[in-house]
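Chains as they are written, first to last, in the working numbering: chain A, 2 to 241; chain B, 2 to 241. For each residue, glycine too, the CB sits at the ideal point set by N, CA and C. Here is the structure we will look at.
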DNA sequence: GTCTATATGAGGATAGAC
DNA sequence: GTCTATCCTCATATAGAC
């Protein structure tokens with residue numbers, strides 16, 4: 002509410018600055034405070050949920066007092082909305098970038114495996130944002146979800162294209178429904194943020210298992226033999 | 002709080018009665034009100050989260066006034082705890098039952114496919130309980146999670162045994178980590194409650210795709226050819 | 001068994017000092 | 001930029017009528 006709120010306006014200006022400048026000067030002023038608040042909010046949101054997220058808890062985590070938050074964000078809802086959007090946005094940007102950098106002759110299966118790696122990597126990296134998103138998507142008031150839904154639509158389309166390519170290549174096993182398979186795969190990956198414990202399984206193990214499951218689960222003809230030793234680590238490399 | 006609370010005691014007695022009697026007499030008195038409240042609580046909890054669940058909303062959904070809830074449950078927390086536990090409990094019971102009824106000579110892969118079917122079926126059936134569980138597991142105060150954690154441990158062990166059998170049969174592809182694969186599979190299934198829309202995909206489509214993905218994703222040697230036409234529907238039948 | 005009325009407390013948001 | 005003090009709203013839980 003109160004759209005003309007002075008602190009909100011100021012905050013928005015700062016944010017635009019951060020986002021636009023690629024690597025101009027240093028992360029700039031002590032306006033890294035904004036980042037601290039955002040990270041803190043993701044942390045609390047993932048653990049307490051939308052309704053349970055107290056400005057006081059966020060402030061504790063960010064090492065300042067609650068009213069200071071209003072200097073950077075117009076309201077509690079505005080802050081939470083940005084957490085949800087940021088998580089979705091960063092994952093999509095990262096996966097997009099990785100796919101763009103793949104050689105043109107990369108096969109559809111390998112592209113999917115690369116996407117699996119990119120998704121998993123960033124999701125586990127940004128686990129507070131990821132779990133905040135996962136747990137609260139269905140619990141947010143609709144009007145706070147517009148940006149997030151746009152992100153997710155775009156991200157869904159990206160995956161849909163990957164599966165489409167696989168299908169057109171005749172490599173998608175015919176008893177699979179493409180859309181359903183895609184949602185099941187993404188679900189398996191998303192869920193990983195809920196259970197992954199770095200002290201129990203290495204990231205490599207999770208990645209290798211996920212990629213193998215996807216590769217063999219999806220594709221009909223096995224171009225699998227010659228990849229056998231390769232699936233262990235990143236698929237971003239050779240494709241010849 | 003207030004453990005000796007009269008209404009709580011009364012409520013517990015009624016519940017025990019409901020649970021014990023298999024099909025004795027009718028669902029008994031208007032104490033089906035308790036079920037209505039429980040269902041309503043699952044509905045609200047899944048959409049608003051632990052902290053956002055208001056007794057008033059539950060009351061609206063159950064078609065009574067908020068204070069009436071205290072006749073059946075000792076407190077808000079007690080009610081919520083029971084929702085979380087009920088979801089986990091019913092799924093485990095159902096899957097256990099289905100597995101127990103399988104012929105003794107059922108192969109490990111087929112047993113896993115049967116478990117996939119049972120899990121998916123009950124999860125989509127009880128979607129309010131399922132999504133309540135999924136979204137709020139990480140957001141509940143620890144002291145409300147004891148029963149639920151016990152359920153989940155038992156359920157995890159059940160799946161672990163399924164994968165163990167597959168492994169000992171030499172059918173688990175060697176590049177897979179059993180525990181990780183299991184968590185990824187369950188994750189894919191759990192997530193389905195988040196996106197499944199009966200008006201878009203039939204239950205059959207989801208089930209068939211999930212089973213196929215799991216079967217081909219997990220197993221090394223293909224005993225797949227002779228099952229091809231069978232994976233479409235339940236796997237509970239033939240195994241000869 | 002279910003209601004109306006109310007005591008009590010927690011948390012978002014603002015004003016204004018520094 | 002960040003703090004202290006304060007207002008106001010709203011939800012749990014209880015008391016007690018019907």
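Alpha helix (DSSP H) segment containing residue i, residue limits
{"i": "residue 62 of chain A", "result": "56-63"}
{"i": "residue 46 of chain B", "result": "33-53"}
{"i": "residue 176 of chain B", "result": "It is not in any alpha helix (DSSP H) - residue 176 of chain B carries neither H nor E in the DSSP assignment."}
Cutoff 6 angstroms; reference residue i; Cβ partners in own chain excluding five residues on either side
{"i": "residue 1 of chain B", "result": "Outside the shown range of chain B (2 to 241) lies residue 1 of chain B, about which nothing can therefore be said."}
{"i": "residue 174 of chain B", "result": "221"}
{"i": "residue 60 of chain B", "result": "66, 67"}
{"i": "residue 35 of chain A", "result": "73"}
{"i": "residue 251 of chain B", "result": "For residue 251 of chain B there is no data in the structure shown, the boundaries of chain B being 2 and 241."}
{"i": "residue 90 of chain A", "result": "152"}
{"i": "residue 179 of chain A", "result": "164, 168"}
{"i": "residue 166 of chain A", "result": "109"}
{"i": "residue 41 of chain B", "result": "59, 62, 63"}
{"i": "residue 54 of chain A", "result": "45, 46"}
Three-way DSSP call (helix, strand, coil) for residue i in this model
{"i": "residue 103 of chain A", "result": "coil"}
{"i": "residue 213 of chain A", "result": "helix"}
{"i": "residue 206 of chain B", "result": "helix"}
Close beta carbons around residue i, own chain, < 8 angstroms, minus the five adjacent residues each side
{"i": "residue 177 of chain B", "result": "219"}
{"i": "residue 88 of chain A", "result": "43, 127, 130, 131, 133, 134"}
{"i": "residue 190 of chain B", "result": "117, 120, 121, 124, 211"}
{"i": "residue 93 of chain B", "result": "152, 155, 156, 159"}
{"i": "residue 112 of chain A", "result": "100, 103, 163, 166"}
{"i": "residue 195 of chain B", "result": "132, 135"}
{"i": "residue 201 of chain A", "result": "none"}
{"i": "residue 39 of chain B", "result": "80, 83, 84, 87"}
Chain-order list of residues whose beta-carbon lies under 7 angstroms from that of residue i (same chain, five-residue window excluded)
{"i": "residue 183 of chain A", "result": "160, 161, 164"}
{"i": "residue 197 of chain B", "result": "125, 207"}
{"i": "residue 51 of chain B", "result": "81, 137, 140, 141"}
{"i": "residue 56 of chain A", "result": "67, 70, 77"}
{"i": "residue 170 of chain A", "result": "109"}
{"i": "residue 97 of chain B", "result": "159"}
{"i": "residue 204 of chain B", "result": "125"}
{"i": "residue 192 of chain B", "result": "none"}
{"i": "residue 95 of chain B", "result": "119, 123"}
{"i": "residue 27 of chain A", "result": "none"}
{"i": "residue 172 of chain B", "result": "109, 110, 220, 221, 222"}
{"i": "residue 246 of chain A", "result": "Given a span of 2 to 241 for chain A in the structure shown, any question on residue 246 of chain A remains unanswerable."}
Segment contact flag, the region 117-132 of chain A with the region 57-71 of chain A, C-beta cutoff 8 angstroms, min 3 pairs: No: the two stretches stay apart, fewer than three of their Cβ pairs being nearer than 8 angstroms.
Touching or not, the region 209-219 of chain A and the region 143-162 of chain A, by the rule of three or more beta carbon pairs under 8 angstroms? Contact between the region 209-219 of chain A and the region 143-162 of chain A is absent, with fewer than three C-beta pairs closer than 8 angstroms.
Could you give the uninterrupted runs of the alpha helix (DSSP H) lying entirely in the region 114-189 of chain B, keeping only those of 4 residues or more? Within the region 114-189 of chain B, the complete alpha helix (DSSP H) runs of at least 4 residues are 128-137, 147-169.
Would you be able to state if there are at least three C-beta pairs under 8 angstroms between the region 36-52 of chain B and the region 101-110 of chain B? No, the region 101-110 of chain B does not touch the region 36-52 of chain B.
Every unbroken alpha helix (DSSP H) inside the region 66-105 of chain B [4 residues or more]: Listed in chain order, the complete alpha helix (DSSP H) runs (minimum 4 residues) inside the region 66-105 of chain B are 70-73, 77-101.
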